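Numbered per mature numbering (1 follows the signal peptide of the UniProt record, and there is no 0), the sequence shown spans residues -19 to -1, 1 to 332. Every residue, glycine too, gets a C-beta built ideally from N, C-alpha and C. These figures come from a predicted structure and were not determined experimentally. Structure first, commentary second.
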Amino acid sequence: MKTAFGALFLICLTASALADDNPVGFQSSTLLDTHNDRALEMVVWYPSATTATTQLIADNAVFVGASAVRDTPPAAGEHPLVVLSHGFGGNWGNQTWLASALAHKGYIVAAVNHPGTTSRDRSPQAAAQLWQRPVDLSRAIEAVTTQPEKFGLVAKRRIAVVGHSLGGWTAMEIVGARFDPDRFARDCKAHPQLSSCTVYQQMNPASTSALKAGLAADLRDKRVTAVVTLDLGLSRGLTDESLAALPVPALVIAAGVPSQELPAQLESANLAKRLPQASSRYVEIGDASHFSFMSVCKPGAVALLEEAVPGDGIICGDGDNGRPRGLIQQQITALIIEFLAQSSGNREDIL
């Protein structure tokens, strides 16, 4: 197992390396929704030419944050956009490590808290509106692309979505994958041990005909040109036909640490087999757990988590005798940047 000293040493090295670049900007705002009463908390990381003093963002007693300058003007020029979607019960801060790294490489990165399925809003009514999650991302894309003076100018045909866990399902939906509630219900009878089935039952997103219709609808946003999933869930409810015809390149990254609740072979690997082989790539990281895609934990975080909710300490767990989480995340970041550069035909973005 990695030591706390090793993790902190890696964090310091990473922070030092990023400090050599121009600091990135950070803004938070609320996207109001007068039609569906679904206000969204949105944050955006973006390139900036500022020399102002940075501050830590999303840094708390459990997770290591990242440095940025709040509300600074964006850098000139065009920049690709990446939109992040967190997992069930998570929040936008979970992938701060990725948002910060991408912003330092020239990307504008937006993330939202999905109502009902975030740690800051567990409303059962909002959670049941699972089909709204891809719509949340479309709203974020609209907010960023229409405000270049705040976040920077988004490059044409360079908008990608990256999602972790339930966010991976959300990302697939926004690029054209279709969900069949009946198919998923049948599959959960065969695989009731999967956490996807447990979470799905908890959200109850097909309890009415209206919810079921929304869940099965075409939720594609044609502005999105590439998709990345990070150890996604609910993939077994996606239809073969929609996956075979997926219109954008896809990178599927899986956690390779054995898991009964979210095994790679039944989720990410199964998804990858049903995607167009010419435009998709599958990578399984052997020493990554499902939670390796969340921010690096601080020393003492496990004790704090266990005191609050027994069992939650698992959030800080990676593979036994594996690399520190920070190193795993460096590999993930490199894979994503390389994939996005290849998808756009621009090799200059590769690490």
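Nearest-angstrom Cβ-Cβ length linking residue i and residue j, presumed shorter than 8 angstroms
i	j	result
Asn185	Ala109	5 angstroms
Ala136	Pro61	5 angstroms
Ile89	Gly133	5 angstroms
Ala84	Val5	4 angstroms
Val180	Phe69	5 angstroms
Asp212	Phe274	6 angstroms
Val205	Val116	That pair is no contact at about 13 angstroms.
Element boundaries [alpha helix (DSSP H), containing residue i]
i	result
Tyr181	Ser176 to Met184
Ala171	Pro162 to Ala171
Lys254	Ser249 to Lys254
Ile317	Arg306 to Ser325
Leu83	Thr77 to His85
Phe132	Pro129 to Phe132
Gly195	Ser190 to Ala197
Glu288	Ala282 to Ala289
Ala108	Pro105 to Ala109
Sheet register partners of residue i (DSSP bridge)
i	result
Thr11	Glu22
His145	Leu211
Cys297	Looking at the DSSP assignment, Cys297 forms no beta bridge with any residue, so it has no partner.
Tyr27	Gly6
Gly71	Thr99
Ile266	Ala236
Asn94	Glu22
Ile122	Looking at the DSSP assignment, Ile122 forms no beta bridge with any residue, so it has no partner.
Ser261	Ala231
Val116	The partner list for Val116 (beta bridge, DSSP) is empty, contrary to what the question assumes.
Val135	His60
Leu219	Phe160
Phe274	Answer is none; Phe274 lacks a bridge partner.
9 angstroms Cβ cutoff, residue i in contact with chain B
i	result
Arg201	No chain B appears in this structure, which consists of one protein chain only.
Local Cβ density within 10 Å of residue i, reported as buried at 16 or more and exposed below that
i	result
Gly87	buried
Leu37	exposed
Gln246	exposed
Cys(-8)	Since pLDDT at Cys(-8) reaches only 43, below the 50 mark, its modelled position is unreliable, and the value read off the structure follows with that caveat. Cys(-8) is exposed by the Cβ-count criterion.
Glu248	buried
His16	exposed
Glu130	exposed
Ala80	buried
residue 374	Residue coverage of the chain in this structure runs from -19 to 332, which leaves residue 374 outside it and unanswerable.
Ala289	exposed
Asn75	buried
Leu13	exposed
Thr127	exposed
Gly267	exposed
Thr189	exposed
Gln310	buried
Gln8	buried
residue 334	Examination of residue 334 is not possible in this model, given that the chain is present from -19 through 332 alone.
Ala253	buried
Asp221	exposed
Ser223	buried
Asp269	In the sequence on display, residue 269 carries Ala and not Asp. Ala269 comes out buried.
Arg304	buried
His172	exposed
Thr210	buried
Asp202	buried
Thr77	buried
Boundaries of the beta strand (DSSP E) in which residue i is found, first to last residue
i	result
Val156	Careful: Val156 lies outside any beta strand (DSSP E) and carries neither H nor E.
Val64	Glu59 to Ser66
Val50	Ala47 to Arg51
Leu37	Gln36 to Ile38
Any non-hydrogen atom of the ligand COA closer than 8 angstroms to residue i Cβ
i	result
Phe274	Of the ligands one can find in the structure shown there are none, so the ligand COA has no counterpart to examine.
Q | Three or more C-beta pairs below 8 angstroms linking the region 158 to 169 and the region 189 to 201 | A | yes
**Q.** Validate contact between the region 95 to 112 and the region 35 to 55 using beta carbons, cut 8 angstroms, 3 pairs
**A.** no
Q) Within the chosen definition, does the region 262 to 270 reach the region 227 to 238 through at least 3 CB pairs nearer than 8 angstroms? A) yes
Q. Any contact of the region 26 to 36 with the region 47 to 56, i.e. 3+ C-beta pairs under 8 angstroms?
A. yes
(Q) Three Cβ pairs or more, each shorter than 8 angstroms: is that satisfied between the region 293 to 305 and the region 264 to 282? (A) yes
Q: Determine contact between the region 115 to 122 and the region 61 to 73, defined as no fewer than three beta-carbon pairs at a distance below 8 angstroms.
A: yes
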